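Let me begin by presenting the structure, written as structure tokens, before commenting on it.
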Amino acid sequence: MSIKQKSSFREKNEQGTLYLVPTPIGNLQDMTFRALEILENVDLICAEDTRNTLRLLNHFEIKTPQISFHEHNAQERIPYLIEKLQAGQDLAQVSDAGMPSISDPGHELVKACIQADIAVVPLPGANAALSALIASGITPQPFMFYGFLPRKKNEQREVLEQLEQQTCALIFYEAPHRLKKTLLAMQTAFGPERKIALCRELTKRYEEFLRGTLADAVKWATKEEIRGEFVIVVQGNSAPKAKKADPLLELPLAEQVATLIAQKQLKPNVAIKEVAKLNGLKKQDVYNEYHQL
């Protein structure tokens, strides 16, 4: 197995290039000169919503044609777009706001281009998560970007419980109509004293930062009429609990399987699967050890 090397600028290639172009998250002045040049010169723009992107293009008097590319038509569109790239056309991919692929469609097209040995060139630009992080007042490094939490209550609770012990800053996106419930769930999982920054309508006219504890944030959300898109930055756990060693893992693999069979009354194959998962091993390896093969 070898590393596949692909230069964005040095190679001469008859194939086209896929440019990943960030767009403003609210303030059109955040559009870069390079992004405008790329959008003007590519053969086609792949847009999450062509109507939204058309307003951007009209503002900068760019006439490049568009094609819709979003989560509902990605699999249908990708072969067509790869054909265009292989024929030598350059494409730009944009989402409605911010970076393509970050809580927006794009990743599947990037993977398809890499598979087809087509150059993928990312442009730097507007990004809500990092903009919120550096202004949050919460220690910015290390950090974990999660994006939107699951909407189902049980799934959301499980995710937050898994993240509770993380020591790095945590970054989430949330819509206004779900913010209060999400903050309540975070308070339950992380505790009321965990520091938080609510970053609202970044780069827009009503940009606002609300900084305090989760208890403060819940109280604010209960009293206020919530509007605008939010980035939530949560402080990491400053005193994570040390994981207790599982005494089961100190036993030989065969004895681990036998113990689970006896304690949980599991069938051998089910116990073998669980032991493999606990030890980070292949099921077949545990099977062979248990049956002395």
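For the sequence shown, our numbering gives the first residue as -11, with consecutive numbering after it. In this text, a Cβ means the ideal position worked out from N, Cα and C, and glycines have one as well. All figures in this text were calculated on a predicted structure; none of them were measured in a lab.
- Gly4 is positioned such that its CB atom lies closer than 8 Å to that of Gln77.
- Of the other Cβ atoms in all chains shown, fewer than 16 fall within 10 Å of the Cβ of Pro67; this residue is therefore exposed.
- Gln103 and Ser(-5) have their C-alpha atoms roughly 15 Å apart.
- Counting only the Cα atoms, Val219 lies some 10 Å from Leu118.
- Counted as a single uninterrupted DSSP element, the beta strand (DSSP E) harbouring Gln81 occupies residues Leu79 to Val82.
- Of the candidates Asp92, Glu59 and Gln63, Asp92 places its Cα closest to the Cα of Leu8.
- Ser56 is bridged by DSSP to Ala35.
- Look at Glu196 here: in three-state DSSP terms it is strand.
- Secondary structure note for Ala185: its beta strand (DSSP E) is the uninterrupted segment Lys183 to Arg188.
- Take the alpha-carbon of Thr20 and the one of Gly113: they are about 7 Å apart.
- When beta bridges are read from the DSSP output, Pro110 appears opposite Leu8.
- Comparing C-alpha distances from Gln129 to each of Leu266, Leu171 and Leu158 shows the shortest one belongs to Leu158.
- Under the DSSP assignment, Ala75 falls outside any beta strand (DSSP E); it carries neither an H nor an E label.
- Our two residues, Arg43 and Gln17, have alpha carbons roughly 14 Å apart in a direct line.
- With fewer than three CB-CB distances shorter than 8 Å, the segment 180 to 199 does not count as touching the segment 249 to 261.
- For Thr191, DSSP records no beta bridge to any residue.
- By the criterion of a C-beta distance shorter than 7 Å, Val147 is surrounded in its chain by Leu137 and Pro138, once the five residues flanking it on both sides are discounted.
- About 5 Å separates the CB atoms of Arg199 and Ala185; that is less than 8 Å, so the two are in contact.
- The three-state reading of DSSP puts Phe48 in coil, since its state is none of H, G, I, E or B.
- At the C-beta level, Ile26 and Leu111 come within 8 Å of one another.
- Within the same chain, Leu248 and Leu254 come within 8 Å of Glu262 by CB-CB distance, once the 5 residues on both sides are set aside.
- For Ala157, the enclosing beta strand (DSSP E) starts and ends at Ala157 to Glu162.
- Beta-bridge pairing by DSSP links Thr201 to Lys183.
- Counting along the chain, Ile249 sits inside the alpha helix (DSSP H) bounded by residues Leu241 to Lys252.
- For Ile220, DSSP records a beta bridge to Phe160 and Leu186.
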